Amino acid sequence: MTAVPVTRPSPQFRVAKGLRPSAGLLSVLAVSALPLMREGIARVVERTPRLFLAGSADTGAAAVNLVHLHRPDVVVLDELVDPRFDLLHLFTAEAGCRGAVLLCRTEQQALERAGAARRAGATAVLPASAAPGLLARAVRHAGGEPLLPEKPAAATASHSEPATARRATPLSRRESQVLQLIAEGLDNRTIAELLVLSVETVRTHAKNLARKLGARDRGQVIAIAYRSGMVHPGGAGAFPRRP
1 MTAVPVTRPS
11 PQFRVAKGLR
21 PSAGLLSVLA
31 VSALPLMREG
41 IARVVERTPR
51 LFLAGSADTG
61 AAAVNLVHLH
71 RPDVVVLDEL
81 VDPRFDLLHL
91 FTAEAGCRGA
101 VLLCRTEQQA
111 LERAGAARRA
121 GATAVLPASA
131 APGLLARAVR
141 HAGGEPLLPE
151 KPAAATASHS
161 EPATARRATP
171 LSRRESQVLQ
181 LIAEGLDNRT
191 IAELLVLSVE
201 TVRTHAKNLA
211 RKLGARDRGQ
221 VIAIAYRSGM
231 VHPGGAGAFP
241 RRP
């Protein structure tokens, strides 16, 4: 069996088994078969205040070993390592991790797999192309920190985003609710049940959102909403399910 590359904690934080390096820090484990993705996750963690890199692994078996060794607060997991979400369930339901962030290859895959991933224990589901700031916020939220809107949301919007999104056309309260639920990966029928609306009304809201944000399709609506700070991972928890 080949050796599993493991990123060890920084020298100033020597982690004993089962202990966190310091009070107030959230320890994070990065799991991906791709070295570049592991390195990217590590850089985001190391550059974000109050986050600490407990280690990284390139296989599910290595990830399980490190979870038992370091007891990280949050696991950032590449979906290719856990296509059936067995690790998500293990880490969040049995191993004691506070949360897990699942990274999918594309925005469309993140949209399609969000529901199943959340049922398995994922706190947030993001595309691998997500901005570093969004990943950092998702990790903090997974660790139990409250989500705060990014301060310079308008200033940090991508220059490639439609001008209508940068102008932040006002959304109605109902449109904001629908947008958050769309961003969580829910389909129109499920959104209609949650908000006690007709499916056709939800479709109308979705079309209006695309027009106001200048988006071509549902996937771009989600991307613009996250990048501009209009929605945040896990926000759908505020909507009670219809009895």
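The opening position of the sequence shown corresponds to residue 1 in full-length UniProt numbering, with each subsequent residue numbered one higher. All C-beta atoms in this analysis are idealised placements derived from N, C-alpha and C, irrespective of residue type, glycine included. These numbers come from a predicted model, not from an experiment.
Kindly identify the DSSP beta-bridge partner or partners of residue i.
i    : result
F52  : S27
L103 : D78, L126
Give me the residue from the options with the minimum Cα distance to residue i.
i           : options                : result
V44         : V76, L34, P72          : V76
I41         : S176, S129, L181, L186 : S129
L103        : A33, A95, E46          : A33
H70         : F52, P35, V178, D58    : F52
R84         : A62, A122, Q108        : A122
N208        : A100, G96, I182, D73   : I182
T106        : S56, L194, N188, I222  : I222
G96         : Q109, Q108, D73        : D73
residue 248 : T48, Q108, Q220        : Lying before the first or after the last residue shown, residue 248 is absent from the chain, which here runs from 1 to 243.
A225        : V199, L197, E184, R189 : E184
V178        : V196, V202, S198, E193 : V202
P35         : G24, L25, A57          : A57
L111        : V101, G99, L126, R98   : L126
R98         : A206, Q220, R38, S27   : S27
H205        : R227, Q180, G229, S228 : Q180
G60         : V81, D217, T92, R216   : V81
V64         : V31, L194, G229        : V31
A124        : R211, L213, A142       : A142
M37         : G24, E79, R50          : E79
Q108        : G219, S228, G229, A215 : G219
L195        : S228, G144, A62, S176  : S176
A131        : H68, S228, L25         : S228
When you measure from the CB of residue i to every non-hydrogen atom of the ligand FMN, does any distance come out below 7 Å?
i    : result
K212 : The ligand FMN is absent from the structure shown, which contains no ligand whatsoever.
How far does the alpha helix (DSSP H) with residue i in it reach, from first residue to last?
i    : result
L126 : Segment 124-127 is the beta strand (DSSP E) holding L126; no alpha helix (DSSP H) there.
V231 : Counting along the chain, V231 falls outside any alpha helix (DSSP H), and DSSP gives it neither H nor E.
A42  : 35-46
A142 : 132-142
- Task: Return the chain-ordered ranges of every beta strand (DSSP E) run that is complete within the region 50-99 and spans a minimum of 3 residues.
- Result: 51-57, 74-78
- Item | At least three beta-carbon pairs within less than 8 Å, the region 168-179 to the region 83-96 | no
- Query: Would the region 133-147 and the region 106-115 be scored as touching if the rule is three or more Cβ pairs under 8 Å?
  - Reply: no
- Which ranges would you report for the alpha helix (DSSP H) in the UniProt domain "HTH luxR-type" (164-229) if only whole runs of at least 4 residues count? 173-183, 188-195, 199-213, 218-227
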